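Numbering (mature numbering (1 follows the signal peptide of the UniProt record, and there is no 0)), first residue to last: -20 to -1, 1 to 303.
Just so you know, even glycine gets a beta-carbon here, dropped at the ideal spot from N, CA and C.
Since the structure is predicted, the reported quantities are computational estimates derived from the model, not experimental observations.
As C-alpha cells, the structure follows; a few thoughts come after it.
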C-alpha cells in the first residue's frame, strides 16, 4: 500500500511538469461582462477564466490554471499560491458528461484529484465497485465531470465537476478518509493542444535495450523537487524527481518507495501501466540561476500492483531547463 501511495504522489508531480507550459495566471477582474450571466450564453469568451470548487465550508479559487485539449482527452489543473491544487483528466474531448463508470478508450484515464500540497496524501475519485477503495461502507463514488463547451475558435473550455475524494488514512491500509467536493466550475479556460517545452532540452534513455525517443521534454520545480519528464506520444513517459538542492557530483540511489528522489515509467493510464523505479541518478551540473540541470540515470521499473512486471531503463541522460 505504501508503494501505491508513493505512486499517486509522483503521478501528481509529473503531471504538474506535464501541464506546466500551458498556464493562465488569474488577475483581479472588475466590471460587468455583457451576457455573462445569461443562461443561453454561460461561456461568453470575453469573461475571465475561473476555476473553483467548494469543500469544508469554503471555496477554493485557483490563482493559476493549466489546460490541454487534445484529440482524445482533456487535462486541467487549478493551483493556488499556497500549493493546493486540483487535477482533472477527462478521457474525451467533446461536450458531454463523464463518470468513472464509462468505458474509456482514451490514452488518458478519468481523474479527479485534490492535493493540499507537499507532504499531503491526495484525495482522489475512485471506483467504489472495484479497486483499492471498493467495499468501504463510508465511501460512495459521486464523481462527475461535465464539459459544457469547447470553443475551438477562441480556444476556451468550460464545464463543471464534483466528486467525493478518498484516501487511506496516514499509516493505514484499512482505514479511509473522505472529503466531498461540490460546485466545481471551470469557465473560459484558455487551452493549448499540447505542451511546448523550452528549446534546447535533451532527454535520452533505453527502454529494455531499445532507444526511448521522447516527443516532448519538460521540467518544473515544485514542492522542493525538480520533476523532469520525457514523454513519447500522449501519455507514455519516463519521469525523474530530483531535490532542487542537488549539486554537481551528487549521486543518488533510490527505490520505488523513496519520496525525495524518484524514477518512474508510465506506459498508460491504467493501474498496471505505472512502474516505480529502483536505481541511481548522478548530477553532472546544476545552475540554479539559469534553471538548467544535467545528469545521468538508470533504474529498474516495476509495476505498482500485481502482476509484477519489470522494465529496464538504462543509459539515461537529461539536460533540461526547468520552469
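Residue 237 versus 113, 65 and 283, residue with shortest Cα-Cα distance: Within the chain shown, numbered from 1, the residue matching residue 237 stands at position 257. When each option's Cα is compared against that of residue 237, the closest is 283.
Can you give the Cα-Cα distance for residue 38 and residue 224, rounded to whole angstroms? Your numbering for residue 38 matches position 58 in the chain shown. Your numbering for residue 224 matches position 244 in the chain shown. One Cα belongs to residue 38, the other to residue 224, and the distance between them is close to 33 Å.
Is it true that the CB of residue 235 sits closer than 7 Å to the CB of residue 258? The count along the chain shown starts at 1 and reaches residue 258 at position 278. The count along the chain shown starts at 1 and reaches residue 235 at position 255. Cβ atoms of residue 258 and residue 235: closer than 7 Å.
By Cβ distance, which residues of its chain are closer than 6 Å to residue 302, with the 5 residues on each side in sequence left out? Here residue 302 is taken as the residue at index 322 of the chain shown, counted from 1. Closer than 6 Å at Cβ, skipping near neighbours: 199, 200, 201, 206 and 271.
Taking residue 160 and residue 144 to be in contact with their CB atoms under 8 Å, please state how far apart those CB atoms are, rounded to whole angstroms. By 1-based counting over the chain shown, the position of residue 160 is 180. By 1-based counting over the chain shown, the position of residue 144 is 164. Confirmed, about 5 Å.
Can you find the residues in the same chain that come closer than 6 Å, C-beta to C-beta, to residue 297, ignoring five residues on each side of it along the sequence? As a first step, residue 297 must be located in the chain shown, where it is residue number 317. Annotation for residue 297: 184 and 276 place their beta carbon closer than 6 Å to its own, counting only its chain and skipping 5 residues before and after.
Close-in-space but distant-in-sequence residues of the same chain around residue 204 (CB under 6 Å, 5 per side omitted): Residue mapping note: residue 204 aligns to position 224 of the chain shown, counting from 1. The beta carbon of residue 204 sits closer than 6 Å to those of 224, all from its chain and outside the five residues before and after it, given in chain order.
Quick one: give me the first and last residue of the beta strand (DSSP E) that residue 219 is part of. For the purposes of this step, residue 219 is taken as the residue at position 239 of the chain shown. Residues 216 to 223.
When burial is assigned at 16 or more other CB atoms within 10 Å of the CB, is residue 146 buried or exposed? Position 166 of the chain shown, counted from the start, is the residue given in the question as residue 146. Counting of Cβ neighbours within 10 angstroms places residue 146 among the buried residues, the total reaching 16 or more.
Measure the alpha-carbon distance for residue 304 versus residue 103 and round it to whole angstroms. The first residue shown for the chain is -20 and the last is 303, placing residue 304 beyond what the model contains.
In three-state terms, what does DSSP make of residue 256? Position 276 of the chain shown, counted from the first residue, corresponds to residue 256. DSSP, reduced to helix, strand and coil, places residue 256 within a strand of the structure shown.
Pop quiz: residue 33 and residue 59 are said to be a contact at Cβ under 8 Å. What is the actual Cβ separation, rounded to whole angstroms? For the purposes of this step, residue 33 is taken as the residue at position 53 of the chain shown. For the purposes of this step, residue 59 is taken as the residue at position 79 of the chain shown. Residue 59 and residue 33 do not touch by the CB rule: their CB atoms are close to 13 Å apart, not below 8 Å.
First through last residue of the beta strand (DSSP E) which encompasses residue 131: The count along the chain shown starts at 1 and reaches residue 131 at position 151. Here the beta strand (DSSP E) through residue 131 covers 124 to 131.
Nearest neighbour of residue 291, chosen from 300, 266, 264 and 253 [CA to CA]: Counting from 1 along the chain shown, the entry for residue 291 is found at position 311. Considering only alpha carbons, the answer is 253.
Suppose you measure from the CA of residue 173 to the CA of residue 132; what does that come to, to the nearest Å? The count along the chain shown starts at 1 and reaches residue 173 at position 193. The count along the chain shown starts at 1 and reaches residue 132 at position 152. One alpha carbon belongs to residue 173, the other to residue 132, and they sit about 10 Å apart.
Secondary structure at residue 64, three-state DSSP: helix, strand or coil? Here residue 64 corresponds to residue number 84 of the chain shown, with the count starting at 1. Collapsing the DSSP output to three states places residue 64 in coil.
Using 10 angstroms around the beta-carbon of residue 288, count the other beta-carbons present and answer buried if the total reaches 16, otherwise exposed. The residue you call residue 288 lines up with position 308 of the chain shown. Classification for residue 288: exposed.
Using CA coordinates, which residue listed in 100, 192 and 122 is at the minimum distance from residue 109? Start at 1 with the first residue of the chain shown, and residue 109 comes out as number 129. Cα-wise, what sits closest to residue 109 is 122.
Would you mind reading off the limits of the beta strand (DSSP E) that contains residue 160? Residue mapping note: residue 160 aligns to position 180 of the chain shown, counting from 1. If you look at residue 160, you'll find it in the beta strand (DSSP E) that goes 156 to 170.
Supposed close pair residue 335, residue 75 - CB separation, criterion 8 Å: Within the shown structure, residues of the chain are numbered from -20 to 303, placing residue 335 beyond reach of any answer.
Cβ-based neighbour list, residue 3, same chain, cut-off 8 Å, excluding 5 preceding and 5 following: Along the chain shown, read from residue 1 onward, the residue named residue 3 stands at position 23. Confidence is the limiting factor: at residue 3 the pLDDT is only 48, short of 50, which leaves the residue's position unreliable and the question unanswerable from this model.
I'd like the list of long-range same chain contacts for residue 51, defined as Cβ closer than 8 Å, with 5 residues on each side in sequence excluded. Working through the chain shown from its first residue, we reach residue 51 at position 71. So the list reads 73, once near-sequence residues are dropped.
Best match in 180, 217, 208 and 170 for proximity to residue 192 [C-alpha to C-alpha]: Residue numbering aside, residue 192 sits at position 212 when the chain shown is read from its first letter. Out of 180, 217, 208 and 170, 217 has the C-alpha closest to the C-alpha of residue 192.
Out of 35, 28, 94 and 81, state which residue places its alpha-carbon closest to the alpha-carbon of residue 56. Here residue 56 is taken as the residue at index 76 of the chain shown, counted from 1. Of the listed residues, the one whose Cα sits closest to residue 56 is 94.
Tell me the rounded alpha-carbon separation between residue 1 and residue 196. As a first step, residue 1 must be located in the chain shown, where it is residue number 21. As a first step, residue 196 must be located in the chain shown, where it is residue number 216. Confidence at residue 1 is low in this model, with a pLDDT of 43, below 50, so its placement is unreliable and no value can be given for it.
Are residue 30 and residue 181 touching if we call contact CB-CB under 7 Å? Position 50 of the chain shown holds residue 30. Position 201 of the chain shown holds residue 181. Cβ distance not < 7 Å, so residue 30 and residue 181 don't count as in contact.
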